[in-house]
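Q: Right, I'll just put the structure down here and ask away after.
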Amino acid sequence: MNDNLKDFLQKTNIQEKISAKDIESILSLNKTQEINNLYNEAYLIKKKEVSNTVYFRGLIELSNICNKDCYYCGIRKSNKKVKRYMISENEVLKAAKWAFEHRYASIVLQSGERNDDEFISFVENILKKIKKISNNKLGITISLGEHSLETYKRWFEAGAHRYLLRIETSNQKLYNKLHPKNHSFENRIDCLKKIKKIGYQTGTGVMIGLPGQTTLDLANDLLFFKEMDIDMIGMGPYIPHNETPINNIAQGKMIPKEKRLELSLKMIAIARILLKNINIAATTALETISDTGKELGLKAGANVLMPNITDIKYRSSYKLYDGKPCLAEDNSHYQHYLENRIQAIGEKIGYDKWGDSLHYKAYFATASTNI
Ligand code: 5AD
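Residues 63 to 433 (my numbering) make up the sequence shown, in order.
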């Protein structure tokens with residue numbers, strides 16, 4: 063085994079402080095055998111800490127209307143080519159019911175960012191209704207961007223118990239390059255703190271292989287996750303979108319797709335080794351750059367999948383990046399496909415179980431009741 067990897071494993075084992083340099087040395091592994099060793103070690107830790115059970119979160123994309131104008135994102139406010147939509151209450155309930163009946167046990171409500179009262183009340187109301195139709199049994203993660211403490215509280219009280227808010231990059235300078243001036247890095251951190259304080263299981267993540275991003279940045283991202291003591295991670299490769307400013311800047315400066323895939327898998331593996339019992343998603347972006355992205359993610363240490371269950375008529379309008387898969391995939395068909403793929407790599411599906419972050423449970427043993 064590579065000496066740096068051996069050293070890293072030993073340090074994490076005895077909880078010795080890990081430096082960005084330690085992580086960089088792992089991100090820089092370049093021999094296939096050494097990289098596979100890294101994934102295998104991460105997989106062993108995953109099995110020990112969170113088992114080989116994969117949890118499904120049915121993803122419902124509520125709306126692509128967004129107040130934000132992030133330079134990398136396909137549904138940014140200034141992209142006039144997007145047909146904007148807002149899902150109806152009945153459509154959300156129908157999708158939630160489908161997830162529940164198909165034993166997914168959890169859903170994720172994700173949306174472009176809207177801070178108006180109408181939207182905030184819509185979400186509050188829908189959370190209560192989802193809880194009601196599922197007899198409190200459906201777990202709900204929300205991923206709705208930056209809001210006030212009061213809004214986060216309202217949604218928590220209405221039934222959401224996990225929140226995803228990616229920091230996108232923990233390097234403030236890079237963050238500022240990727241966003242317009244009125245998007246605040248400090249506010250994003252502040253939001254993560256509010257979310258945590260309220261008692262949500264808190265998830266964050268970054269994009270990997272962004273133009274201008276270094277391995278030191280990625281190493282610091284992982285240290286950021288540790289320092290913030292987060293419960294869940296959703297991270298994946300940056301994928302250009304044609305109608306975005308970064309796409310033009312990125313041309314010629316991007317690291318190749320295969321490298322972005324490899325870096326993303328290394329990030330998952332290091333996150334698993336470093337943070338042990340958290341939940342880590344194998345994201346759609348991984349699946350976008352590789353047909354076997356999900357499986358590779360699971361084999362490198364991820365334990366959550368987020369199958370898209372949004373009504374098919376909306377899916378092509380929620381394109382954060384080009385090449386998003388499953389635009390016309392029937393839910394039941396995709397479920398069977400996933401079952402086969404997961405079984406083929408020797409893993410199980412945690413049907414009817416929330417599969418909460420064990421990391422969170424360790425600290426807030428009484429905060430949520432699992433089913
Ligand atoms: N490539 C990869 N991920 C992206 N996201 C947005 N745009 C892109 C892109 N071009 C991710 C961001 C955001 C999440 C919902 O989608 O990390 O937080």
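Every residue gets a Cβ at the ideal spot worked out from N, C-alpha and C, and that includes glycine.
At a cut-off of 7 angstroms, would you count R228 as near the ligand 5AD, judging by its Cβ distance to the nearest heavy atom?
A: Your numbering for residue 228 matches position 166 in the sequence shown. R228: yes, Cβ under 7 angstroms from the ligand 5AD.
Q: Would you list the one or two residues that DSSP bridges to E248?
A: In the sequence shown, the residue the question calls residue 248 occupies position 186. Beta-bridge pairing links E248 to no other residue.
Q: Taking the straight line between their C-alpha atoms, what separation do you get for Y262 and E96?
A: What you label residue 262 is simply residue 200 of the sequence shown in a count that begins at 1. What you label residue 96 is simply residue 34 of the sequence shown in a count that begins at 1. In a straight line, the C-alpha of Y262 is about 37 angstroms away from that of E96.
Q: How would you label H223, buried or exposed, when you count the other beta carbons within 10 angstroms and need 16 or more for buried?
A: Here residue 223 corresponds to residue number 161 of the sequence shown, with the count starting at 1. It is buried - the Cβ of H223 has at least 16 other Cβ atoms within 10 Å.
Q: Just the Cα atoms here: how many angstroms apart are L337 and L285?
A: On the sequence shown, residue 337 is found 275 positions in, with the first residue counted as 1. On the sequence shown, residue 285 is found 223 positions in, with the first residue counted as 1. Their backbone Cα atoms lie some 10 angstroms apart in a straight line.
Q: Under 8 angstroms: do the stretch 134-142 and the stretch 181-191 share three or more Cβ pairs, one atom per stretch?
A: As far as the Cβ criterion goes, the stretch 134-142 does not touch the stretch 181-191, which means the pair count is below three.
Q: Name the two residues that bound the continuous alpha helix (DSSP H) containing M294.
A: Taking the sequence shown and counting its residues from 1, one reaches residue 294 at position 232. Taken as a continuous stretch (DSSP letters only), M294 belongs to no alpha helix (DSSP H), being part of the beta strand (DSSP E) at 294-299.
Q: Any heavy atom of the ligand ZN closer than 7 angstroms to the Cβ of L382?
A: Questions concerning the ligand ZN fall outside what the structure shown contains, since the ligands it does hold are the ligand 5AD.
Q: Would a C-beta distance cut-off of 8 angstroms place L360 and A344 closer than the cut-off?
A: As a first step, residue 360 is located in the sequence shown; it is residue number 298 there, counting from the start. As a first step, residue 344 is located in the sequence shown; it is residue number 282 there, counting from the start. Their beta carbons are under 8 angstroms apart, which means L360 touches A344 by this criterion.
Q: Identify whether I76 lies in helix, strand or coil by the three-state DSSP scheme.
A: Start at 1 with the first residue of the sequence shown, and residue 76 comes out as number 14. In this structure, I76 counts as coil in the three-state DSSP scheme.
Q: Is there at least one non-hydrogen atom of the ligand 5AD closer than 7 angstroms to the beta-carbon of A347?
A: Here residue 347 refers to the residue found at position 285 when the sequence shown is read from its first residue. Yes, the ligand 5AD has a heavy atom inside 7 angstroms of this Cβ.
Q: Within a Cβ cutoff of 7 angstroms, which residues of the same chain sit near Y376, ignoring the five residues on either side of it in sequence?
A: Position 314 of the sequence shown, counting from 1, holds the residue named residue 376. Around Y376: E123, Y147, I149.
Q: Got a sec, what are the start and stop residues for the beta strand (DSSP E) T231 sits in?
A: Along the sequence shown, one-based indexing puts residue 231 at 169. Run containing T231: none; DSSP gives neither H nor E here.
Q: For the ligand 5AD, I want to know if Y300 counts as a neighbour, meaning its beta carbon is within less than 7 angstroms of at least one of the ligand's heavy atoms.
A: Walking along the sequence shown from the start, residue 300 turns up at place 238. Yes, since a heavy atom of the ligand 5AD falls inside the 7 angstroms radius drawn around the Cβ of Y300.
Q: With distances taken from CA atoms, which of Y300, A158, H398 is nearest Q172?
A: Counting from one through the sequence shown, the residue named residue 172 turns up at place 110. Nearest of Y300, A158, H398 to Q172, Cα basis: A158.
Q: With a threshold of 6 angstroms on Cβ separation, who are the neighbours of Y300 within its own chain once the five nearest residues in sequence on each side are excluded?
A: Translated into the one-based positions of the sequence shown, residue 300 becomes position 238. These residues qualify, in order along the chain: M269, G271, L272.
Q: Starting from I332, trace the alpha helix (DSSP H) in both directions and tell me its first and last residue.
A: The sequence position of residue 332 within the sequence shown is 270, counting from 1. From DSSP, the alpha helix (DSSP H) with I332 extends over 319-337.
Q: Out of I371, S378, L367, F162, state which residue places its alpha-carbon closest to the alpha-carbon of I404.
A: The count along the sequence shown starts at 1 and reaches residue 404 at position 342. Nearest of I371, S378, L367, F162 to I404, Cα basis: L367.
Q: On the three-state DSSP scale, how would you describe Q313?
A: On the sequence shown, position 251 is the one that residue 313 refers to. The answer is coil: DSSP assigns Q313 none of H, G, I, E or B.
Q: Report buried or exposed for E349, applying the criterion of at least 16 other Cβ atoms within 10 angstroms of its Cβ.
A: Working through the sequence shown from its first residue, we reach residue 349 at position 287. It counts as buried.
Q: Taking a contact to mean a Cβ-Cβ separation below 8 angstroms, would you say L325 touches L89 in this structure?
A: What you label residue 325 is simply residue 263 of the sequence shown in a count that begins at 1. What you label residue 89 is simply residue 27 of the sequence shown in a count that begins at 1. A contact, by the Cβ cut-off of 8 angstroms.
Q: Here's a check: name, in chain order, each residue in its chain whose Cβ is nearer than 6 angstroms to the Cβ of L358, leaving out the five neighbours to either side.
A: Counting from one through the sequence shown, the residue named residue 358 turns up at place 296. So the list reads L327, once near-sequence residues are dropped.
Q: So, helix, strand or coil for R165, using DSSP?
A: Residue mapping note: residue 165 aligns to position 103 of the sequence shown, counting from 1. Coil.
Q: Considering only the beta carbon of each residue, do M297 and M329 sit closer than 8 angstroms?
A: Counting from one through the sequence shown, the residue named residue 297 turns up at place 235. Counting from one through the sequence shown, the residue named residue 329 turns up at place 267. Yes, Cβ-Cβ distance for M297 and M329 is below 8 angstroms.
Q: Measuring CA to CA, which of N152, E186, S196, V144 is closest to H164?
A: Position 102 of the sequence shown, counted from the first residue, corresponds to residue 164. For the residues N152, E186, S196, V144, the minimum Cα distance to H164 belongs to S196.
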